[in-house]
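One line per chain: the protein sequences are A and B, in this order. Residue numbers for the first sequence follow the working numbering, so the first one is 1 and each next one is one higher. Residue numbers for the second sequence follow the working numbering, so the first one is 1001 and each next one is one higher. We treat Cβ as the ideally placed atom computed from N, Cα and C, and that holds for glycine. Notes follow once the structure below has been shown.
There are 2 protein chains.
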Amino acid sequence: VELFNASTVHPGILMPIGGAEDRKANRLILRRFVELACGTTAHIVVIPTASNLPDTAALYSQIFRDLGVHDVRVANPTGRQLANDPDFLSIFDGATGIFISGGDQVKLMSVIGGTAMSRTIHRCYRAGGVVAGTSAGASAISEHMIAFGRSGAAPSQRMVQMGTGLGLAPHLVIDQHFSQRDRLGRLTTAILYCPDRVGVGVDEDTALILRGDNTAEVIGAGSVTIIDLSALEYTDVHSTKGHNPINAVGVRTHNLRAGEQFNFNNLELIEVVEAIAV
Amino acid sequence: VELFNASTVHPGILMPIGGAEDRKANRLILRRFVELACGTTAHIVVIPTASNLPDTAALYSQIFRDLGVHDVRVANPTGRQLANDPDFLSIFDGATGIFISGGDQVKLMSVIGGTAMSRTIHRCYRAGGVVAGTSAGASAISEHMIAFGRSGAAPSQRMVQMGTGLGLAPHLVIDQHFSQRDRLGRLTTAILYCPDRVGVGVDEDTALILRGDNTAEVIGAGSVTIIDLSALEYTDVHSTKGHNPINAVGVRTHNLRAGEQFNFNNLELIEVVEAIAV
């Protein structure tokens, strides 16, 4: 359980997106996803299962076709039986990119958690595929997954409900719509209950590109906030009652904007694009 | 993430105990722990960090000495710095058995989660050691760990709060004091949020002996209840509001008493000691 020091570097890429990514103008994030998935020769599978909207699959399929991809497929299992059906899962044959939509991450995991479809996604990723998830889809990249919670800047008891996600990035707890929905408190609370994990809060129209060697780059309009408990000195998370605020001393946060490169192996910046050491 | 099909069978043993194990009469469970840890030649480390009582370490140390073990040590780090200190961790050198006390699993994990001490426990276990945990200590054997929750037989929303445990049994979510504190609802709720895991509810004075090949045996006075979602047909866990009851159709439970052998690889009984097929 050396969560940060995976001995197996592989060519797969993860892209948690904070939701509300630009879909009409420059489409920087979706364009980058397509590029990383081999551009016009990409084989992309859209998973709209988290969404309750009828047109989610069509929306993203059209965008990826507009960006030049010929082979765009949809995998939307209606239940766990289909998510375990080898014939159904042939949709993923040769996939170079998998895009998981927004919606409700608990709905998504209720259908695909622990199924052959989940294992197929892992195999595509490990083989060098790109797995992007926006909003609920970003959360589901985590292993210890935020299901839902309350807004607010400071951690407090019972602020966040957890489930399990796909576990593609088992060492990270990923949150989304991060600044826009005031989620620092809930992510900090989640991490205080999981001191072996690192928190990653992704703003809207922002993404983290996480490579198989555990290094990452920020792209898009907003920030990625990293919550790091490696220097935690004190917390009363275990004894705080009711919905009261939780003490936590020594929480480190890192706010990174587009262009910054971060190394999750040692929790340090790789290269400072433009800043001063203070 | 083939949680049930670990390719690496190893000689380690886990013993989640449901709390309130007999400490004065026959001491069947604690005696079995000592036997599995090499009997009188065992090197046992007691971890009392979950407990707020001052005499927990002394209590268990005396019991293990009474059972004939000469080498009983205590590892009770006062903070995360000590839990990362190689000199302190030499307590674990040559350990054949590790015993994690009851108390509060969140307190325990706040101190040792993600530290070198956690990795040391993993190494002892993988090398063939026995790791037993009672009450809070049993919960901490899980990876996706129940932190606290409400009582009740049926699953309901916001019934259970989750954190991360040691992850020695990453495929199981372990609960304790199970029948005595009416915890079927909270364990079912936890598992509905983690459909890739199996729930294990351990009664008081009862233990599961889980071998490195993922087979297990029940010992002690009560039952072990296994909650298995492999045949789940329907749930509305994602859309249930407030603290309302959650629908779940097709939850399988298995109630096993002392002597029963269960295979967690295929979620089947290995041998029926005394029962009728119905």
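Contact residues of the segment 1221–1247 of chain B toward chain A are Leu1232, Thr1235, Val1237 and His1238 (C-beta to C-beta distance below 7 Å). Distances from the alpha-carbon of Ala1057 (chain B) to those of B:Met1159, B:Pro1048 and B:Gly1097 put B:Pro1048 closest. In summary, Lys107 (chain A) is buried, with 16 or more beta-carbon neighbours lying within 10 Å of its beta-carbon over all protein chains present.
Beta-carbon to beta-carbon, Phe178 (chain A) and Asp203 (chain A) are separated by about 5 Å, close enough to satisfy the 8 Å threshold. Residue-level contact check: Ser142 (chain A) does not touch chain B, since none of the beta carbons of chain B fall below 9 Å from its beta carbon. Spanning the alpha carbons of Leu67 (chain A) and Thr40 (chain A) requires a straight line of approximately 8 Å. Look at Thr253 (chain A): its C-beta is not under 9 Å from any C-beta on chain B. Inclusion of Ile1146 (chain B) and Ala1207 (chain B) in the CB contact set at 9 Å is not warranted, their separation being larger than that value. The beta carbon of Ala221 (chain A) is closer than 8 Å to those of Asp22, Asp203, Glu204, Asp205, Thr206 and Ala258 in its chain, skipping five residues each way along the sequence. Looking from the CA of Gly1128 (chain B), the closest CA among B:His1254, B:Met1117, B:His1010 and B:Val1224 belongs to B:His1010. Straight across, the Cα-Cα distance linking Leu82 (chain A) with Leu89 (chain A) is about 8 Å. One finds Gly114 and Thr164 in chain A with Cβ atoms closer than 8 Å to the Cβ of Arg1197 (chain B), taken in chain order. Close CB contacts of Ala153 (chain A) within its chain, under the 6 Å cut and outside five residues either way in sequence, are with Leu184 and Gly185 (chain order).
Nearest CB-CB separation between Gly1167 (chain B) and chain A: below the 9 Å threshold.
Asp1104, Val1106, Lys1107 and Met1109: these are the residues of the segment 1084–1109 of chain B whose beta carbon lies less than 7 Å from some beta carbon of chain A, given in chain order.
For Cys38 (chain A), not one C-beta of chain B is nearer than 9 Å to its own C-beta. When the five nearest sequence neighbours on each side are left out, the beta carbons in the same chain lying within less than 8 Å of the beta carbon of Gln105 (chain A) are those of Ala50, Ala136, Gly137, Ser139, Ala140, Met145, Ile146, Ala147, Gly163 and Gly165, in order along the chain. Here the C-alpha atom of Ile13 (chain A) lies approximately 34 Å from the C-alpha atom of Gln1157 (chain B). Relative to the Cα of Leu1229 (chain B), the nearest Cα in the group A:Gly97, A:Ser110, A:Ile270 and A:Ile174 belongs to A:Ser110. For the C-beta of Arg186 (chain A), not a single chain B residue is nearer than 9 Å; the gap to the nearest is close to 13 Å. Taken in chain order, the unbroken stretches of alpha helix (DSSP H) that lie wholly in the segment 1105–1156 of chain B and span 4 residues or more are 1105–1112, 1116–1126 and 1136–1139. Rounded to the nearest angstrom, the Cβ distance from Ile44 (chain A) to Phe99 (chain A) is 6 Å, consistent with a contact under 8 Å. Counting C-beta atoms within 10 angstroms of its own C-beta, Pro1054 (chain B) has fewer than 16 neighbours from the protein chains shown and is therefore classed as exposed. For Ala75 (chain A), no chain B residue has a C-beta closer than 8 Å to its own C-beta; the minimum C-beta separation is roughly 18 Å.
Residue-level contact check: Ala20 (chain A) does not touch chain B, since none of the beta carbons of chain B fall below 9 Å from its beta carbon. Looking only at A:Gly19, A:Arg73 and A:Leu192, the smallest Cα-Cα distance to Ser101 (chain A) is reached by A:Gly19. At least one beta carbon of chain A lies nearer than 9 Å to the beta carbon of Ala1147 (chain B). Arg80 (chain A) reaches chain B at Leu1232, counting residues in chain order whose Cβ is nearer than 7 Å. Judged by beta-carbon spacing, Ala1132 (chain B) lies within the 9 Å limit of Ile1017 (chain B), meaning their Cβ atoms are closer than that value.
With respect to Gly103 (chain A), Asn52 (chain A) sits close: the two C-beta atoms are nearer than 9 Å.
Residue contact check for Leu30 (chain A) against chain B: no CB pair falls below 9 Å. Sequence-distant Cβ neighbours of Asp1182 (chain B) in its own chain, meaning closer than 7 Å and more than five residues away, are Ser1151, Gly1152 and Ala1153.
Scanning chain B for C-beta atoms nearer than 7 Å to the C-beta of Arg158 (chain A) yields Gln1161, reported in chain order.
The C-beta of Tyr1193 (chain B) comes closer than 9 Å to at least one C-beta of chain A. According to the DSSP assignment, Asp1071 (chain B) belongs to no alpha helix (DSSP H) but to the beta strand (DSSP E) extending over Asp1071 to Val1074.
In the assembly as shown, Val198 (chain A) is a buried residue. Its beta-carbon has 16 or more other beta-carbons within 10 Å.
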